[in-house]
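Using mature numbering (1 follows the signal peptide of the UniProt record, and there is no 0), the letters of the sequence shown map in sequence onto residues -27 to -1, 1 to 137. Don't be surprised by glycine CBs; every beta carbon is placed ideally from N, CA and C.
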Amino acid sequence: MTQGFSFNFVLAVICVIFLKSISMTEGAIRCYKCLAVTPPYYTNETIKLCKDFDYSETFIVDCPYSTYCMKRFTSAKIPTVINGTERDCASQKQVIQNYKNGQWHKEVEIEEPYKAGCSKVNDKGARTSTIENCYCNTDLCNTGSYLRSRIVGFFAAVIVFIVF
């Protein structure tokens, strides 16, 4: 009985590690994308507003230059409280110029400046608005709070443990 339990435990741990490694792999990620307000300039892409966000396929975008998704919550007091949410791929693309063989060449680098989680932007005493940026690194993770995605991961691990 003890040997069977330890085998199942080891198998469950291996499955959890495997599932985590799949979700943490480098490369493109899919995120939800929507804006708080319509931009004041023309763009050739369809603009989806977060006030209409419904988890549907129309809000999903591929992020070839990101390994993180972003969700930004803004709350402004001018003179009444106005809240806004924005979802997108995290900005990680850096275009640099590299000099090779007597010529300049553009190269794209993907920076890793973020850690998964949420943080409030320092308003430097301006007390007119609050901005909270949340970053996560699994497909379609920018739906809700960072904590919610961690709870889902925890319960997935528990289910794998129980099944095996």
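- Rounded to whole angstroms, D25 and Y5 show a C-alpha spacing of 12 Å.
- Distance from I2 to C36 at the Cβ level is roughly 5 Å; contact confirmed, criterion being Cβ atoms closer than 8 Å.
- Taking C-beta separations shorter than 8 Å and ignoring five residues to either side along the sequence, the partners of Y41 in its chain run I2, C62, A63, Q65, Y87, A89, Y108, C109, N110, following chain order.
- Nearest Cα to T101 within the set K21, F46, K50: K50.
- The beta-bridge partner set that DSSP reports for S48 consists of N56, T103.
- Assigned with DSSP and collapsed to three states, E82 falls in strand.
- Straight through space, the alpha carbons of E84 and H78 are spaced by roughly 18 Å.
- Counting the other CB atoms within 10 Å of its CB gives N17 a total below 16, which places it among the exposed residues.
- Setting aside the 5 residues that flank it on each side, K97 has no residue in the same chain whose C-beta is closer than 7 Å to its C-beta.
- The closest CA to that of E82, considering only V94, V68, K73, is found on V68.
- Between N115 and K44, the CB-CB gap stays under 8 Å.
- Checking the DSSP bridge columns, you'll see G90 partnered with Y108.
- If you ignore the 5 residues before and after I33, its C-beta comes within less than 8 Å of the C-beta of R3, C4, Y5, K6, L113, all in its own chain and listed in chain order.
- Closest option to S48, judged by alpha-carbon separation, among Y14, E59, S39: E59.
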